[in-house]
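Heads up: the protein sequence lines correspond to chains A and B, in order. The numbering of the first sequence is the numbering used here, which starts it at 1 and goes up by one. The numbering of the second sequence is the numbering used here, which starts it at 1001 and goes up by one.
Protein chains: 2
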Amino acid sequence: MPEIRYNIITREWVIISTERAKRPEDFAKPNPRRGTPATYEPGCPFCPGNESQTPPETLRISAKGSWQVRVVPNKFSALDAEGELRRHNTALKREISGVGIHEVIVETPTHDRTLAQLSEQELGNVLSAYRQRYEAVALDSRVSHVTLFKNHGERAGTSLEHSHSQLVGTPIIPPQVRDRMETALRFYDERGDCIFCAELADELMDEVRVVEQSDHFCAFIPYAALTPFHLWIFPLRHTATFLEATDAELADLTGLLRRVLRKLYFGLQNPDYNLSLRTFPREARGMKYYHWYLSLIPRVTRVAGFELGSGMFINVALPEASAAFLRRTRTE
Amino acid sequence: MPEIRYNIITREWVIISTERAKRPEDFAKPNPRRGTPATYEPGCPFCPGNESQTPPETLRISAKGSWQVRVVPNKFSALDAEGELRRHNTALKREISGVGIHEVIVETPTHDRTLAQLSEQELGNVLSAYRQRYEAVALDSRVSHVTLFKNHGERAGTSLEHSHSQLVGTPIIPPQVRDRMETALRFYDERGDCIFCAELADELMDEVRVVEQSDHFCAFIPYAALTPFHLWIFPLRHTATFLEATDAELADLTGLLRRVLRKLYFGLQNPDYNLSLRTFPREARGMKYYHWYLSLIPRVTRVAGFELGSGMFINVALPEASAAFLRRTRTE
């Protein structure tokens, strides 16, 4: 019989199709990409030599006389970097001027390399760029929250093939973050504990859904994973915001994240995915009830009407089986 | 400058890209469907003559010696129709046995006809099947809520081409419904009014986002629409559950829904879409703060990492422009 599981952090119910679950191997489909990508594309705004096609850099991490990571304002920004924050409320309507920061983090000069193919040092530079820009953008007085995410592949919504992440500083706290804050605050009120720390302790005790562990981080498939291979990466040390991660922790995360990305790359044949860094707002620094983490959702199945119409997901893979599969998948 | 708008019912913030908004016409792309569908497919389990390929009918609406609508249990049910409801709670985990009802509503015997192409009488039969099965399934003591939805087209997640809807009776109230209930209850507590009635009154006063009106219903693009052409259809009369709609209201809804579907069909060239009927649980019948409605989301853009990582949507169409476009689109 299927199981319906509850995620205490997201407050989502997920139908786990234990009987008609596919075998983990069955999700590994070669992804039909359009044509064969080249190491260099003359028309690509993120390729070396085309730097003038992007707005001026906000950060550059150099490598071998050139650059390895570049951060630039998004040319097609969803928000306006200039202008004042105005808020207009009526009885039923709330409106805020669309000011904010929208940047692109170009992760490699090589057109066809994916995040999983970067060396540990190169991936470390990407995470370092994340933190440097996160810190800078969070200081903008109009910004209430910074969202950091990456879309890999067409099914994940990428419009540009060249590997990149995005950073969006919004003048509001996004709904999902606000919901996590409400839930975490209530849990702390009732139990005197951080809900993320409690969940992590539970997963470490159960062991069966853990994929990778390092000195400072744990990657696991949540008990009520929304989709096959849905991964959470939690820092072991209670830390409310990404800003509080130490250099040693970031270096350790680099190694773990790389192993996880390579397991997906080899085990599921370079699947499309969405990666996001979920951190609480800058002001939450030091708070006892929030906890930053990474979420990775491979797009191996499709979100359809039932999910949209109910907020309930159907996961056709058993989280324990997905975790076991990833544990035994090679990283090299 | 873009606007960030808040939907008071869903508590979602949406970035409305007023400047880089596309013109409504630009979303009308001919949908590349696989091959040319035929009026009859020998291998299709929903085509006449193949009735034995589905489990036994739970409802049949006859027409011209044969049938027009058939409702059958889903052969690949996400939930188990047999078995007892068991609940298992530990300190951090909640699990319920996956019992429930999962049915398929076959809307027409003709393989290649879409909902928009049905006659008013035929569409009325589909809505009648919705209500009959909704009533029956809601009486199952293990069922806490019934979700009714339709996926049209591949981007909306359909696996079978032959036009059909689905009904899922779950042993829990799905998260989105529970969230709407919490929000509505809080609004009523603060304002003494139904939040849906208040929103409807506001939209009727503003007029600019209204697409279609009838004696008993109003179709509009919400002020903070999540995506281009995102439509809500509200009953004008305060009614908490779909069960309370009268026959006259259902007949009126049939006409309005058909006009809306045909506007999308002609204006956006038969776009993929998800349609869902959002009703509160059976026990909410007569309650002052809930209000059932229909939600229709054409899949003309793609949900990507920013939405997944923040719960915030970017709508690249101005709701007022989308509504004006649909108002002037033909229905015949």
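Backbone N, C-alpha and C fix where the C-beta goes; we use that ideal spot for every residue, glycine too.
The criterion of a C-beta distance shorter than 8 Å is satisfied by Val1146(B) and Ala1138(B). When the five nearest sequence neighbours on each side are left out, the beta carbons in the same chain lying within less than 6 Å of the beta carbon of Thr1114(B) are those of Ser1163, in order along the chain. The alpha-carbon separation between Thr1246(B) and Ser1276(B) amounts to approximately 19 Å. Rounded to the nearest whole angstrom, the CA to CA distance from Gln213(A) to Arg327(A) is 10 Å. Cβ-Cβ separation between Ile1101(B) and Val1143(B): approximately 6 Å, consistent with a contact (criterion under 8 Å). The C-beta of Asp1193(B) comes no closer than 8 Å to any C-beta of chain A. Under the DSSP assignment, Ile1195(B) falls in the alpha helix (DSSP H) whose first and last residues are Ile1195 to Asp1206. For chain A, the residues of the stretch 1279 to 1312 of chain B that bring a beta carbon within less than 8 Å of one of its beta carbons are Ser1295, Ile1297, Arg1302, Val1303, Ala1304, Gly1305, Phe1306, Leu1308, Gly1309, Ser1310, Gly1311 and Met1312, in chain order. Per DSSP, Ser1165(B) is not a residue of any alpha helix (DSSP H); the beta strand (DSSP E) it occupies stretches across His1164 to Thr1170. For Phe217(A) against Leu256(A), the beta-carbon gap comes to about 5 Å, under 8 Å, which counts as contact.
Collapsing the DSSP output to three states places Leu1294(B) in a strand. Boundaries of the alpha helix (DSSP H) harbouring Phe266(A): Asp247 to Gly267, taken from the DSSP string. Around the CB of Lys1150(B), 16 or more other CB atoms lie within 10 Å, so the residue is classed as buried. In this structure Ala28(A) touches Gly267(A) by the C-beta definition: roughly 6 Å separates them, less than 8 Å. When CB distances to chain B are screened at a threshold of 9 Å, not a single residue of the stretch 38 to 55 of chain A falls below it.
Around the beta carbon of Met1287(B), 16 or more other beta carbons lie within 10 angstroms, which makes this residue buried.
For Tyr1134(B), the secondary structure class from DSSP, reduced to helix, strand or coil, is helix.
Ranked by Cα distance from Glu1199(B), the options Gln1166(B), Gln1176(B), Arg1237(B) and Ser1165(B) are led by Arg1237(B).
Identification of residues in the stretch 1135 to 1152 of chain B having a C-beta nearer than 7 Å to some C-beta of chain A yields Thr1147, Phe1149, Lys1150 and Asn1151, given in sequence order.
Beta-bridge partners of Ile1221(B) (DSSP): none assigned.
A contact between stretches requires three or more CB pairs, one per stretch, nearer than 8 Å, and the stretch 167 to 175 of chain A meets this requirement with the stretch 73 to 92 of chain A. DSSP, reduced to helix, strand and coil, places Pro1235(B) within a strand of the structure shown. Using a Cβ-Cβ cut-off of 8 Å, Ser1097(B) counts as an interface residue toward chain A, since at least one Cβ of chain A sits closer than that to its own. Taking the Cα positions, Phe1313(B) is about 15 Å away from Leu1231(B). Arg1299(B) is positioned such that its CB atom lies closer than 8 Å to that of Tyr1273(B). Contact annotation: in the stretch 1201 to 1227 of chain B, residues whose CB is within less than 7 Å of a CB in chain A are Asp1202 and Tyr1223. With 16 or more other Cβ atoms from the protein chains shown falling within 10 Å of its own Cβ, Asn315(A) counts as buried. Taking the Cα positions, Ile1233(B) is about 43 Å away from Pro55(A). For Phe149(A), the three-state secondary structure derived from DSSP is strand. In this structure, Phe1325(B) places its C-beta atom within 8 Å of the C-beta atom of Pro1024(B).
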